[in-house]
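Per our numbering, the sequence shown starts with residue -9, numbered consecutively. No residue lacks a Cβ here, since even glycine has one placed at the ideal position from N, Cα and C.
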Amino acid sequence: MAAEISISRRLRSTPFTQGVTDHGVKSYTVYNNMLLPTVFRSLEEDYWHLCEHVQVWDVSVERQVEINGPDAFNLIQLMTPRDLSKAQVGQCFYVPLCDEDGLLINDPIAIKHSDNLWWLSIADSDVLLWAKGLATGFCLDVKVSEPDVWPLAIQGPKAEELMTRVFGESVRDIRFFRSEMMNYSGTEMLVARSGWSKQGGFEVYVNDAALGSQLWDELFEKGADLNVGPGCPNNIERIESGLMSFGNDMDFKDTPYECDLEKYVSVDADIKSLSIEALRKHNSTRELVGLVLDQEATGLTVIQNDMPIGEIRSQTWSPKYKKQLAFAMLDFAGTEGQTHVLVCTDDGLVKARIAPIPFDFDALEITAHPK
Ligand code: THG
């Protein structure tokens, strides 16, 4: 018998846990000390369904770190090297959080509620403790907390249609990475056009547990003719789309420059950020790149001229492109002037083509195959 996870209060169930179970979740991973579904039907069936229809995802693991008080902006800016001085209320920003050496702490979405109230919608690391420590150490006038908020993502090409049936036509006006407070059954909830897929969609920041399970049921009722299904962040879709996963593709030992996040570092801005000095001086010697293999082959070590030059951090077989796709952290010394590297697999050395992230399949002349 396969081992099972013992569920206890520490793993914090969500308003959608019952729904996820009833819809036949097949596997979970652990994320921010909670359970994140990873498969419902099969990874591949979930993938095609996400690309063609609409899915409802329990992404409550994306915990909100709330920063409230007169120094809220100062603390947020201290934590990220991305200039947020021009942020507007309701705007969302993908931000690297970095320490004083420029090393990554997390890569959340920062959401501005008001000048004095911000949320960080975090990936998998303990941002709450880091923020509390910085607030105390820098004597900032803020309260740092984790509110009872459970994000629910509605993703896929039919997501907008389904959302209008529940929240009304005005959801169509929400632009990418913008949010609005919307009324659901008498309660205001933040609704953003965002989500960890490139199939389009929204995230509802559910702030009432009872309304959360009501919303879950309503989405399935009103989306029946749209072929709505249960889903979760899908490893095939997110690698094809170039979405990076903290803890997998990048971690505490990497800088934003090494992880293709340089566009979110405001090197020249006059900001009071903990990491900005270190990042200004930073010299990268390696970089996260995409790899494309012609066969399904899961290796980890990458070599060039018989020498290891780095490691694969995430990979998947793409059923659409019929290629093995990977993200690998590779030394410049091994990739400079090269178009290919070798991956050590159980089947021996396999040639892999180097590709920038996100994968540009047209430029790579890789044909999409329908289902
Ligand atoms: N939604 C919410 N919280 C989250 C995630 C999310 N917390 C954890 C994790 N995901 C944070 N990481 C990311 C990574 C990428 C994106 C969002 C969150 C993303 N990136 C777009 C891109 O790369 O094209 C756009 C970024 C931009 O240019 O602003 O969407 O998914 N609530």
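Just tell me which of the options has its CA closest to the CA of residue i.
| i | options | result |
| --- | --- | --- |
| Ala358 | Lys313, Glu42, Arg53 and Asp36 | Lys313 |
| Asp131 | Arg(-1), Ala121, Glu178 and Thr177 | Ala121 |
| Lys76 | Val333, Ser256, Leu290 and Arg155 | Ser256 |
| Thr11 | Ser184, Glu35 and Trp47 | Trp47 |
| Glu136 | Leu119, Ala200, Leu142 and Gln78 | Leu119 |
| Val79 | Gln328, Met171 and Ser(-4) | Met171 |
| Glu150 | Leu26, Gly190, Asn173 and Asn295 | Gly190 |
| Gln54 | Thr19, Lys102, Leu68 and Ala287 | Lys102 |
| Leu320 | Leu278, Thr335 and Asp337 | Leu278 |
| Ser304 | Asn96, Gly280 and Ile261 | Gly280 |
| Arg165 | Ile(-3), Ser184 and Arg2 | Ser184 |
| Lys341 | Phe349, Asp352, Leu315 and Ala323 | Leu315 |
| Cys249 | Asp350, Thr275 and Leu74 | Thr275 |
| Asn96 | Glu42, Met240, Asp215 and Phe192 | Met240 |
| Leu1 | Thr7, Ser308, Thr19 and Leu25 | Leu25 |
| Leu74 | Asp89, Leu110 and Val51 | Leu110 |
| Pro309 | Cys129, Gly213, Glu52 and Glu34 | Glu34 |
| Phe236 | Phe351, Cys88 and Asp350 | Cys88 |
| Thr291 | Thr306, Phe6, Ala318 and His272 | Ala318 |
| Asn23 | Thr7, Glu42, Phe6 and Val51 | Val51 |
Mind checking whether residue i and residue j have CB atoms under 8 Å apart?
| i | j | result |
| --- | --- | --- |
| Ser169 | Ala182 | yes |
| Val365 | Leu354 | Examination of residue 365 is not possible in this model, given that the chain is present from -9 through 361 alone. |
| Leu152 | Val49 | no |
| Val333 | Ala268 | no |
| Leu209 | Thr177 | no |
| Val194 | Leu142 | yes |
| Ile347 | Thr325 | no |
| Gly9 | Trp186 | no |
| Met69 | Leu264 | yes |
| Tyr311 | Ile356 | yes |
| Leu65 | Leu124 | yes |
| Tyr254 | Arg72 | yes |
| Gly232 | Phe83 | no |
| Val156 | Met179 | no |
| Phe167 | Asp105 | no |
To the nearest angstrom, how far is the alpha carbon of residue i from that of residue j?
| i | j | result |
| --- | --- | --- |
| Ser32 | Lys16 | 8 Å |
| Leu40 | Pro147 | 8 Å |
| Glu(-6) | Gly14 | 15 Å |
| Glu211 | Asn238 | 36 Å |
| Glu159 | Asp284 | 45 Å |
| Arg(-1) | Tyr21 | 15 Å |
| Thr245 | Ile112 | 17 Å |
| Asp61 | Trp108 | 10 Å |
| Val29 | Asp258 | 43 Å |
| Tyr37 | Arg228 | 10 Å |
| Asn58 | Pro223 | 30 Å |
| Val139 | Gln145 | 19 Å |
| Ile299 | Asp337 | 19 Å |
| Thr4 | Phe322 | 44 Å |
| Phe242 | Thr329 | 29 Å |
| Tyr174 | Arg162 | 16 Å |
| Val363 | Met(-9) | Residue 363 is absent from the model: the chain starts at -9 and stops at 361. |
| Thr335 | Met297 | 15 Å |
| Tyr18 | Asp260 | 43 Å |
Looking at residue i and the ligand THG, is the gap between the Cβ and the nearest heavy atom below 7 Å?
| i | result |
| --- | --- |
| Asp244 | no |
| Asp241 | no |
| Tyr37 | no |
| Ser111 | yes |
| Trp108 | no |
| Trp307 | no |
| Leu152 | no |
| Asp73 | no |
| Ile302 | no |
| Gly185 | yes |
| Tyr311 | no |
| Phe63 | no |
| Ile99 | yes |
| Met234 | yes |
| Pro141 | yes |
| Phe349 | no |
| Glu326 | no |
| Phe363 | Residue 363 falls outside the range modelled here, since the chain spans only -9 to 361, and no answer is possible. |
| Glu52 | yes |
| Phe6 | no |
| Ala30 | The identity of residue 30 in the sequence shown is Phe, whereas the question assumes Ala. No, the Cβ of Phe30 stays beyond 7 Å of every heavy atom of the ligand THG. |
| Phe167 | yes |
| Tyr18 | no |
| Tyr399 | Because the chain here runs from -9 to 361, residue 399 falls outside it and cannot be looked at. |
| Tyr84 | yes |
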